[in-house]
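Residue numbering for the sequence shown follows my numbering, starting at 7 and increasing by one per position. From the three backbone atoms N, C-alpha and C, an ideal C-beta is built for every residue, glycine too. All values derive from a computational prediction rather than experimental measurement. Take a look at the structure set out below.
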Amino acid sequence: MATDFQNNEVIDQLKTVLKDKGMKYTEQRAVILEIITQINGHLNAEEIHGVVKNKYPQYNIGIATVYRTLNFLEEADLISSISFGTEGKKYEGNQKTHHDHLICTQCGLIIEFVDPLIEQQQDVIAKENKFKITGHTMQLYGLCPACDSTNKGDK
């Protein structure tokens, strides 16, 4: 059963990676990749499985298949993850423009941001150290306003 995927470029990337690794293209892999690249936000494996069950029940994809596929897609650099230690990972597609993350350690809220000054400073530091940056991720951990008890009662 063919699915009408919205992002053919991403699916083409998946097909290329699978072919290079001598693996078969499956609709199940494509469905999971499609969900991650189309969602605004960050989902863990269980949330992705829930979307699969609701949006694509005809594929009958189990949670083990979701986990295996997520590992493969991350290794293939088609998606990335943010680790929450013992609480697992949350995933997003790699097709977005570069951004960094603020992560609430209490409720798990993730806020994406881009700051030109931070990006510029990273380049300065790399140049000072004769270091060539090939990529980076920045994750700042703390408490969002809703979880920060020191902000309670502030007006």
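query                                                                                                                                                         : result
Below 6 Å CB to CB, which residues in the same chain sit around Ile-67 once its five sequence neighbours on both sides are set aside?                         : Gln-34, Val-58
Report the partner residues of Glu-40 according to the DSSP bridge assignment.                                                                                : None; Glu-40 has no bridge partner.
For Ala-8, does the three-state DSSP call read helix, strand or coil?                                                                                         : Only weak support exists for where Ala-8 lies, its pLDDT of 43 falling under 50; the value from the coordinates is given anyway. It is coil, neither helix nor strand.
Rounded to a whole number of angstroms, what is the C-alpha to C-alpha distance between Lys-25 and Thr-43?                                                    : 21 Å
If Met-144 and Asp-83 are in contact, beta carbons under 8 Å, what's the gap, nearest whole angstrom?                                                         : That pair is no contact at about 18 Å.
Under the three-state reduction of DSSP, which class applies to Lys-61: helix, strand or coil?                                                                : helix
Is it buried or exposed for Thr-75, if we count other Cβ within 10 angstroms and need 16 for buried?                                                          : buried
Leaving out five residues on either side along the sequence, give the residues of the same chain with a beta carbon under 8 Å from the beta carbon of Ile-54. : Ile-38, Ile-41, Ile-42, Val-72, Leu-76, Tyr-97
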